[in-house]
Structure formats: structure tokens, C-alpha cells
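Here's the structure we're looking at; comments come further down.
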Amino acid sequence: MVRRVLGLDEAGRGSLVGPLVVGGFWMEDDRIDKLVALGAKDSKALTPAARERVFAGLDAIGTQTHVVLSPRTIDGAVRRGRLNDLEAEAFARLVRELTPEVAILDACDPNERRFGSRVARLAGTSTRVIARHHADRDFPIVGAASVVAKVRRDRAVARLRAELGDDLGSGYPSDPRTIRFVRAALAGGNSVPVWVRSSWSTMQRVKPRRPTRTLDEVEP
């Protein structure tokens, strides 16, 4: 019996700049050999050129989809301690829209079964939900979803660089260019731009610090 299977993964969770993208890839399970032949796997194991090649070939095998979560949406969830819930809701949205027989998720929660149960409950469908750590590595269909998420996320950041300048960098806190760019954007007391995640702890070391005043400098 041929089953409709959906793979789900995300990209950009730890970024300081730009969106988090949940990617999905839907196909009938008798086409898995074509997905393997295409080279679909964890996007982190592929070069940018290989990711683009896999991404371009996916539409001939199945259907890709994605959800974009903006920095402001992410900030709202983080401040309420609900980032995992936000991701679960985005995953559930795609399960609900596509109603596959099976959905395989890369779990962001330390408790993979809890995450899978949450997504299944939010989706409210009869879909069998399987959540696993490293699912993007172990299941080609989740690898395909990770490629969708990563390529969509990279293109969103590329659009930001085209608008703001190449010095924006990758958007991740580990990128010195990104840190310098955000720090310059905040200089002079400017408000936090909409493309920055203000709830990230990184912001505490990026924000310009006010100079400390000594007692001699305080007017009587």
C-alpha cells in the first residue's frame, strides 16, 4: 500500500537575524528511491551548491512547502518561554494542510515523544506523527525538508543582505560580521530593527553600553 509521507524540519533557530523557516516535503513512499538518488540528506551535510541542486530536483518527486516565522513572532514566543511550542504549531499547520498518512519530524524538544505528541494534538488529524532527534540525518524525506528549510532561509537572508549590505553576514551570533553589523545598527540609541531577534541573549553583549558616570560627574 502506497502511503503519503511528510518530512518536516527547520532552519535558522539559533540565528540572531532573519526568520526561522520550517520546511516540509511531501511524497508517496514508493518514490523514496528517487529521493535517495537525488542526494537528499541533512542540509548541514551538503554544500550550498549541492543544496540548491537537491532543492531544484524536489518538485519532480513530490511537493515542498514551508512556513516563515519572523523575528518579532519568535521574540514573542521566547519571552513567554514558548519557542518549542511555536515550532510545534508551525509543524502542525503543515500536517493539517497536507494530511499525510505519516509525518516524520526532526524534534527540537529534548523529549522527542513529547514533541511528537504535541504536534499530533495541535494538528488534530489522523496522521501518524513520528518525532526523532537527527531525523534529518536518518530519514531522506526529512533531509529533503531540511534542504527546503535551509534554502528558503538562506534566500531570505540573501534578500536582507541585498537590502542592507553584504556586511550583514550569515545572521548567526557566531559570525563576527553579523555582530558588528547589528552593533552598528543599534549605535546612537536606535531602536531594534525588525530583522533582529531582540529576545536573544546575544543582544546583551551587542547593545552599546552607556558610559558609567562617576560621583564627580554628578551635579550637586
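In short: position in the sequence shown from 1, add 1, done, that's the numbering used here.
Ideal Cβ positions, reconstructed from N, Cα and C, are used throughout, including at glycine.
Whose CA, out of L9, A46, G58, lies closest to the CA of A121? L9
What are the boundary residues of the alpha helix (DSSP H) that includes T74? 72-80
If you drop the 5 nearest sequence neighbours on each side, which residues of the same chain put their C-beta closer than 6 Å to that of V130? Hits under 6 Å: A104, G117, V120, A121.
Alpha helix (DSSP H) segment containing M204, residue limits: 204-207 is the span of the alpha helix (DSSP H), which, as asked, contains M204.
Cutoff 8 Å; reference W196; Cβ partners in own chain excluding five residues on either side: Taking W196 as the centre and dropping the five residues before and after it, the same chain places the C-beta of V18, G19, P72, L161, L165 closer than 8 Å to its C-beta, in chain order.
Bridge partners for V37 per DSSP, in chain order? The partner list for V37 (beta bridge, DSSP) is empty, contrary to what the question assumes.
For D155, report the span of its alpha helix (DSSP H) as first-last. Unbroken alpha helix (DSSP H) run through D155: 141-165.
Tell me whether the beta-carbon of A150 lies closer than 8 Å to the beta-carbon of G15. no
Check each candidate in V22, V148, D86 and name the one with the smallest Cα separation from A41. V148
Do you know whose CA, among R156, A108, D167, R4, lies nearest M28's CA? It is R4.
What does the Cβ neighbour count give for V219, buried or exposed, with the cut at 16 atoms within 10 Å? The predicted model places V219 with a pLDDT of 45, which falls under 50 and marks its position as unreliable, so this point remains unresolved.
Between M2 and the rest of its own chain, which residues show a CB-CB distance below 8 Å, the 5 nearest in sequence each way excluded? Taking C-beta separations shorter than 8 Å and ignoring five residues to either side along the sequence, M2 has no partners in its chain.
Count the other C-beta atoms from every protein chain shown that fall within 10 angstroms of the C-beta of A145, then say buried if there are 16 or more, exposed otherwise. buried
Nearest residue (CA-CA) to T64, options L36, A51, R114: Taking T64 as reference, the option from L36, A51, R114 with the minimal CA-CA separation is L36.
Can you check whether the CB of A51 is closer than 8 Å to the CB of R154? When the beta-carbon positions are compared, R154 and A51 stay at least 8 Å from each other.
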